[in-house]
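Contents: one structure, followed by commentary.
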Amino acid sequence: MNQPDPSNKTDRLTYVKVPKKISKMTDQEIDDWANQVFEHLMSGQSGNFFDYAKSKAEKVNMGMPVYSSDPEFFSSWSLGADHPTQGRRYSNVKIQFAEMAKSNNLEVVEIAPRTATHAELLRVHSARFVIQVTEKHIRFHSSDEDGAPAVLASAMVGATLQMLEILLAGKTLTAINFAGAKHHAQYDFPFGFCVFNDMAVAATIATADHGLRVAIFDIDAHHGDGTENLTLKNPDVLTYSVHQFGIFPGTGRVSDPANHAYNKALVAGDGDEKLAEASQEFLSLVAEFKPDLVFIAAGADGHVSDPLAGLAYTVEGYVECARALREALPTMPMLIGGAGGYQPDDFTPEIWAKFALQIALDAQASRTSSVGN
Ligand SMILES: [Zn+2]
């Protein structure tokens, strides 16, 4: 009988069958795991191989952290003292998310944001606009009298790109930029409290540079018009926005299936049932489109008491939406952006934290329970 060679990867993988559903582990993780199990076999130890393999795999999976761009970096983002957009919602979500993660034994790795390069911003924005913001520091919102919008707006994109890179490296299935999903930002002008469109930049890079397909699910109460416009002609990007029709920006009534752009227009008072319906519609589209990545614009302004919209989602409705998405797509790399939310001291950070937590925890649960199948 030929003796397997521990230094030979093929030999190791022949003797250590990697469970199917953890095939999304990085090469290094698989290698380390295979090495450990191989050594156990070669040492002639007694015991049940599958129990041993399972415990090793669980260790690998349970160690999978969630990555988050440090929200505190954006805490000074404000468009004026009386403006609905207040950066303290980012400080608050940082605290809430950390507490929830801790009590659920979920490791959070926070990454300090970087600014986006001009080349990155130019993937979806005009040169004139990029220069106006980053070099001439032109302020577009009449009330943004203080703060450093140029640096922060650029970092909102940089942070989303860092999260994309982490997902592409296979370090996690859930990466978050609570200050991301600036979905109204357009080609050559800022719109609706959004300067640069981070998810459109990330989707362009993922598709054009990495050959991947991206599906973007936008549950912010407002139509994700900028993201839709900037990715419309990209055949590898699907957008689905569920929003209240008749409020800002006034678009998003019809879908454009030929360009994979879908809209679900709701009316004031529509609640959790409609959000759940939208989740199922998005998931059916995903089943056909077969994306490699899902981005979620998790706007909290659909909450029943949000001052800027009239939808009637509850916190539980948001959590249920997250559960449905992760249950249907247990091994899908997901990038979450916070988008809007105008209850900075209570419901906005609570919804963001609970939504992201559900996505991250259910990814872990599905990976762990699949071992041995
Ligand atoms: Zn909104």
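Here the sequence shown stands for residues 7 to 379, numbered as in my numbering. Glycine is no exception: its CB is placed at the ideal position from the N, C-alpha and C atoms. Note that the structure is a prediction, hence the values are computed from the model and not measured.
Secondary structure of residue i, DSSP reduced to three states
i: M106; result: helix
i: D88; result: coil
i: K360; result: helix
i: Q6; result: The structure shown has nothing for residue 6, since the chain only spans 7 to 379.
i: M340; result: strand
i: N203; result: coil
i: A122; result: coil
i: I225; result: coil
i: T210; result: helix
i: S132; result: coil
i: D242; result: coil
i: A366; result: helix
i: A267; result: strand
i: S285; result: helix
i: T178; result: coil
i: G277; result: strand
i: T111; result: Correcting the residue identity first, residue 111 is Asn in this sequence and not Thr. Three-state result, N111: coil.
i: L299; result: strand
i: D231; result: helix
i: I172; result: helix
i: E322; result: helix
i: S97; result: helix
i: S148; result: Because the pLDDT at S148 is just 45, under 50, the model does not fix this residue reliably, and the value given afterwards should be weighed accordingly. Coil, per DSSP.
i: G53; result: For G53, the pLDDT reaches just 47, beneath the cut-off of 50, and the residue's location in the model is therefore unreliable, although a value from the coordinates is still provided. Three-state DSSP puts G53 in coil, outside helix and strand.
i: L272; result: strand
i: F197; result: strand
i: E141; result: coil
i: S160; result: helix
Nonlocal neighbours in the same chain, by C-beta distance under 7 Å from residue i, ignoring five residues either side
i: I137; result: none
i: D351; result: N98
i: L367; result: N110 and L112
i: R259; result: F251, N269 and A271
i: Q102; result: P355, E356 and A359
i: S81; result: G93, R94, Y96 and S97
i: A104; result: V114
i: L174; result: H216
i: T257; result: H229 and D231
Closest residue to residue i among the options (Cα-Cα distance)
i: A306; options: P336, F353, V260 and E326; result: F353
i: L272; options: G308, T237 and S290; result: G308
i: T245; options: F254, A209, S84 and P255; result: A209
i: N240; options: R259, A264 and G347; result: A264
i: F197; options: G275, A165, A159 and D312; result: A159
i: L128; options: Y193, D276 and S311; result: Y193
i: V382; options: H124, I357 and A156; result: Residue coverage of the chain in this structure runs from 7 to 379, which leaves residue 382 outside it and unanswerable.
i: A303; options: P255, E356 and H249; result: H249
i: A328; options: A87, F199, E141 and W358; result: W358
i: G323; options: D276, L167 and F103; result: D276
i: A381; options: L238, C200, V201 and P255; result: Residue numbering for the chain in the displayed model covers 7 to 379; residue 381 lies beyond these limits and cannot be assessed.
i: M169; options: A284, V114, P355 and L238; result: V114
i: G343; options: S311, L167, Q102 and T257; result: L167
i: L289; options: E333, E105 and V310; result: E333
i: P313; options: A345, Q349 and V321; result: Q349
i: D242; options: L174, C200 and D298; result: D298
i: D143; options: V310, V321 and V201; result: Checking the sequence, you will find His at residue 143 rather than Asp. H143 has its Cα closest to that of V201, out of V310, V321 and V201.
6 Å CB neighbourhood of residue i in its chain, flanking five on each side removed
i: F195; result: none
i: E116; result: S74 and D76
i: L236; result: V130, N203 and A206
i: Y268; result: Y246 and S261
i: A165; result: S75, P119 and N183
i: A122; result: S160, V163 and G164
i: K100; result: P77 and E78
i: M106; result: A359 and L363
i: W83; result: G93 and L158
i: G346; result: D226, G305 and D307
i: I284; result: Just to set this straight, residue 284 is Ala in the shown sequence, not Ile. Same-chain partners within the cutoff: V248 and K270.
Close-in-space but distant-in-sequence residues of the same chain around residue i (CB under 8 Å, 5 per side omitted)
i: Q286; result: A330
i: V300; result: V220, A221, I222, F223, V292, L331, L335, M338, P339, M340 and L341
i: V325; result: K360, F361 and Q364
i: I172; result: Y73, I117, T178 and A181
i: F295; result: R219, A221, L244 and H266
i: G252; result: V273 and A274
i: V310; result: G277, L317, A318, Y319 and T320
Distance cut-off 7 Å: residue i Cβ against heavy atoms of ligand 3
i: T210; result: As far as ligands go, the structure on display features ligand 1 and does not contain ligand 3.
Residue i at chain D interface by Cβ criterion, 8 Å
i: Q286; result: No chain D is present in this structure, which holds just one protein chain.
Okay, do the segment 229–245 and the segment 176–190 touch, 3+ Cβ pairs below 8 Å being the bar? Segment contact: the segment 229–245 against the segment 176–190, three or more CB-CB distances shorter than 8 Å; contact assigned.
Is it the case that the segment 95–114 contacts the segment 207–224, given that we only count it when at least three CB pairs across the two stretches are under 8 Å? no
Does the count of Cβ pairs from the segment 317–333 and the segment 277–295 closer than 8 Å reach three? yes
For the segment 86–95 and the segment 122–134, state whether three or more C-beta atom pairs, one from each stretch, are separated by less than 8 Å. Segments in contact, no.
Using only Cβ atoms and a threshold of 7 Å, which residues come within that distance of a heavy atom of ligand 1? Order them by chain position. D226, A227, H228, G305, D307, L314, A315, A345 and G346
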